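If you read the sequence shown in our numbering, its first letter stands for residue 10, the second for the next number, and so on. The beta carbon of each residue, even a glycine, is placed where N, CA and C say it ideally should be. Quantities reported herein were computed from a predicted structural model and do not represent experimental measurements. The structure appears below as structure tokens.
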Amino acid sequence: MDGSGSGTGYDEAFERHRPVLLGLAYRMLGSWWDAEDVVQEAWLRRRRAAEDPAGAPIEDLRGWLVTVTTRLALDQLRSARHRRETYVGPWMPEPVPTGRLALDPADSAEQRSTVSVATLRMMERLSPPERAVYILREAFELPYQDIAATLDISAASARQLHRRAAAHLDGDRARFTVDRREHLDLVDRFVAAAASGDRAGLESLLAHEVVLWNDGGGFRAARRPVLGPDKVARFLLGVLDKHKSTRAYRVDVNGAPAVLFDFGAIRMVLSFETRGGNIVGLQAVINPDKVRNIATPSEAPCFTRESRRFPA
């Protein structure tokens, strides 16, 4: 039992920590749906602990909840890995509106980068324990001793897991840190070129090593990454031309500007990785189950495009 008192008291105490727990679980899993399930289970365990007359008091509620949420997310991640191995096409993290992630304006660029679509995709390289240690250290700046207690390992093991994770990721870390002004400028120029069907204009924005990942869950999407400026530009304009009408909206996803394309029957969220004045990566998510959290904005679209393949 703890000192929160009534059911309302411990509910209120939990709700104060819910945004942090959702951010932790989402970084661990790359799925908002799964993150909500994990946090709901953490709440149930918190409630059972509070109602147990024989239970020891919870002195550090935030620390207790972070530990429970991390361990639940680890279990969920281990079971999800097999499903992702058999997923049709590239598996991409579920894009989430930036406002839902409760990012702290005081967070460093490195901390904010841990929630970017690019980072979440790259963290699929890590083992579940490596991912947990990396997130707890980089996003939440926990000391190794606290991370060790959370994962029930030694501090030396926590340091070793962090070194392994960093070795996998830090070579690309510059890609994850968003210069928001540059990023927004590139997205605006991308939108202008896409609106007019300017393939040369699109290619001029793309780095020579650009890669486009397309997650449709088997639903009308390329099942292999698209490589190079020419192929990426052709692919994107081809997608627009396949639909009679396209409405495009600027949205903010995972801490960075992105574009939502509404084709009527289906929608696509396009996220960008930028570096050195170019777009180096694009993540196109079409899977309807993954774009459901991105609402179509109420304001007018940034462009509407009619396909030339469909006569008036």
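One or two residues paired with residue i in a DSSP bridge
i: R314; result: T255
i: I162; result: According to DSSP, I162 bridges with nothing at all.
i: L279; result: V268 and A293
i: V260; result: A267
i: V220; result: L236 and G290
i: R284; result: N287
i: P137; result: Answer is none; P137 lacks a bridge partner.
i: P62; result: Beta-bridge pairing links P62 to no other residue.
i: L110; result: For L110, which the question treats as bridged, DSSP gives no partner whatsoever.
i: L215; result: I288
Test item: CB-CB of residue i and residue j under 7 Å
i: L128; j: T76; result: What sits at residue 128 in the sequence shown is Thr, not Leu. Not in contact: T128 and T76 (Cβ atoms no closer than 7 Å).
i: R36; j: T123; result: yes
i: H192; j: T283; result: yes
i: L279; j: A293; result: yes
i: W100; j: R93; result: yes
i: V241; j: V262; result: no
i: L74; j: A51; result: yes
i: H177; j: R130; result: no
i: A148; j: Q169; result: no
i: G72; j: R232; result: no
i: R173; j: T255; result: no
i: P152; j: R87; result: no
i: I295; j: M277; result: yes
i: L221; j: L291; result: yes
Cβ-based burial, residue i [other Cβ within 10 Å; buried from 16]
i: R25; result: exposed
i: A267; result: buried
i: K299; result: buried
i: D61; result: exposed
i: W42; result: exposed
i: L236; result: exposed
i: D224; result: buried
i: E103; result: buried
i: G32; result: buried
i: H217; result: exposed
i: E68; result: exposed
i: G286; result: exposed
i: S125; result: buried
i: R55; result: buried
i: S40; result: buried
i: L53; result: exposed
i: A202; result: buried
i: G167; result: According to the sequence provided, residue 167 is Ala. The question's Gly does not apply to it. Buried.
i: P306; result: exposed
i: A321; result: Model confidence at A321 stands at a pLDDT of 48, short of 50, so the residue's coordinates are unreliable and nothing is read from them.
i: A309; result: exposed
i: A22; result: buried
i: P238; result: buried
Residues near residue i in its chain [Cβ-Cβ closer than 7 Å; skip 5 each side]
i: S15; result: Residue placement at S15 cannot be trusted, given a pLDDT of 46 that sits under 50; what the coordinates show is reported in the next sentence. Excluding sequence neighbours, S15 sits near nothing in its chain.
i: G12; result: The pLDDT assigned to G12 is 45, lower than 50, so where the model puts this residue is not dependable, and the model offers no usable value.
i: C311; result: V200, A257, Y258 and R259
i: R146; result: I156 and H171
i: Q49; result: none
Same chain, Cβ closer than 6 Å to residue i, neighbours up to 5 away in sequence not counted
i: Q154; result: A164
i: P28; result: A111
i: T9; result: Examination of residue 9 is not possible in this model, given that the chain is present from 10 through 321 alone.
i: A44; result: L31, A34, Y35 and L38
i: M132; result: R140
i: R243; result: none
8 Å Cβ shell around residue i - same chain, five flanking residues per side excluded
i: F199; result: L211, L214, V268, F281 and I288
i: G273; result: H252, K253 and S254
i: L246; result: A203, G206, R208 and L211
i: P234; result: P99, V220, L221, W222 and N223
Inter-stretch contact (C-beta, 8 Å, three-pair minimum) for the stretch 139-150 and the stretch 78-92 | yes
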